[in-house]
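What follows is a short report on a single structure.
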Amino acid sequence: MPSKSAGRVLVPEFLTPRVNGIVCAARASAPAQALALAEGLAMELSDSHGPVHAHTLHAVELVAFCAQLAGRPVTATDAGIRAATGWLCSLPKDDRQVRRQVRNAFASWFTVDDAAEAVRTGHLLLALLTSVYGPSHPAGHRVEQRLQAVTGPDETAAAEALRPSGPALSLRP
Numbered sequence: 026m027p028s029k030s031a032g033r034v035l036v037p038e039f040l041t042p043r044v045n046g047i048v049c050a051a052r053a054s055a056p057a058q059a060l061a062l063a064e065g066l067a068m069e070l071s072d073s074h075g076p077v078h079a080h081t082l083h084a085v086e087l088v089a090f091c092a093q094l095a096g097r098p099v100t101a102t103d104a105g106i107r108a109a110t111g112w113l114c115s116l117p118k119d120d121r122q123v124r125r126q127v128r129n130a131f132a133s134w135f136t137v138d139d140a141a142e143a144v145r146t147g148h149l150l151l152a153l154l155t156s157v158y159g160p161s162h163p164a165g166h167r168v169e170q171r172l173q174a175v176t177g178p179d180e181t182a183a184a185e186a187l188r189p190s191g192p193a194l195s196l197r198p
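Residues in the sequence shown are numbered consecutively from 26, following the numbering used here.
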């Protein structure tokens, strides 16, 4: 019998102990351990069920959440983009699940403080935003502005753009 998780996703019985272990680690202020457990679960589910299976994508969402808690915004952004892109394989672009993961990836990206990683993940995020919301959405413009600041000649503007900001810790798996 599936059990209810905090994010309103039914957790299959065979995954409940693993998810509970991740939750316990996160609650015990062990975010690095929670992240390692979530990454292991996501890899195992990808191998056993496929990379775009719902169980795998929920585990990837958990990776993004745990990565943000662990202070690993690049991992969180990559996982958020991966989850949203995976959901797009089976859900319409206006589905709540897709859009929540796009918002989570967007929020995580604004906490990335490494220039090269901000540029790399920013381009991935921009492509995702365009595919979900279209080319003229305000979120896409914000990403473009930050990318221009990070890659531009003004070192002060680049440093300011790389200062983490945004509501990343309000993310929900």
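Each residue gets a CB set at the ideal place from its N, CA and C atoms; glycine is no exception.
Proximity below 8 Å, CB of residue i to CB of residue j
{"i": "Val168", "j": "Leu149", "result": "no"}
{"i": "Asp119", "j": "Arg188", "result": "no"}
{"i": "Pro56", "j": "Leu94", "result": "yes"}
{"i": "Val36", "j": "Val48", "result": "no"}
{"i": "Pro98", "j": "Ser54", "result": "no"}
{"i": "Ala184", "j": "Gly177", "result": "no"}
Endpoints, alpha helix (DSSP H) assigned at residue i
{"i": "Arg107", "result": "Pro98 to Trp112"}
{"i": "Arg237", "result": "Past the edges of the chain, shown from 26 to 198, lies residue 237, and the structure says nothing about it."}
{"i": "Pro76", "result": "From DSSP, Pro76 is part of no alpha helix (DSSP H); its letter is neither H nor E."}
{"i": "Arg121", "result": "Arg121 to Trp134"}
{"i": "Ser54", "result": "Ser54 -> no alpha helix (DSSP H), and no H or E assigned at all."}
{"i": "Val157", "result": "Ala140 to Tyr158"}
{"i": "Ala182", "result": "Glu180 to Ala186"}
Own chain partners of residue i with C-beta closer than 6 Å, once the 5 adjacent residues on each side are dropped
{"i": "Ala67", "result": "Ala84, Val85 and Val88"}
{"i": "Glu180", "result": "none"}
{"i": "Tyr158", "result": "none"}
{"i": "Arg125", "result": "none"}
{"i": "Gly147", "result": "Val168 and Leu172"}
{"i": "Ser71", "result": "Thr81"}
Option in the options with minimal Cα separation from residue i
{"i": "Thr81", "options": "Glu69, Ala92, Tyr158 and Cys91", "result": "Glu69"}
{"i": "Val175", "options": "Pro160, Tyr158 and Arg145", "result": "Arg145"}
{"i": "Ala143", "options": "Gly111, Glu38, Leu40 and Thr102", "result": "Thr102"}
{"i": "Leu156", "options": "Ala109, His74, Ile47 and Trp134", "result": "Note that residue 156 is Ser in the sequence shown, not Leu. With distances taken between Cα atoms, Ser156 lies closest to Ala109."}
{"i": "Thr100", "options": "Glu64, Val123, Gln122 and Ala182", "result": "Glu64"}
{"i": "Ala92", "options": "Ala130, Arg125 and Ser73", "result": "Ala130"}
{"i": "Ser190", "options": "Thr136, Pro42, Ser161 and Ala140", "result": "Thr136"}
{"i": "Gln58", "options": "Gly96, Ser73 and Ser71", "result": "Gly96"}
{"i": "Gly75", "options": "Gly111, Ala141 and Val123", "result": "Gly111"}
Neighbourhood of residue i by C-beta distance below 8 Å, restricted to the same chain and skipping five residues each side
{"i": "Cys114", "result": "Val77"}
{"i": "Leu151", "result": "Gly165, Val168, Glu169 and Leu172"}
Nonlocal neighbours in the same chain, by C-beta distance under 7 Å from residue i, ignoring five residues either side
{"i": "Ala186", "result": "Arg171, Ala174 and Val175"}
{"i": "Ala61", "result": "none"}
{"i": "Val127", "result": "Ala109, Leu153, Leu154 and Val157"}
{"i": "Ala104", "result": "Val85, Val88, Ala89 and Ala92"}
{"i": "Ala50", "result": "Gln58, Ala59 and Leu62"}
{"i": "Ser161", "result": "none"}
Residue i beta carbon near the ligand SAM (any heavy atom closer than 7 Å)
{"i": "Leu70", "result": "The model on display carries no ligand, and the ligand SAM is accordingly not part of it."}
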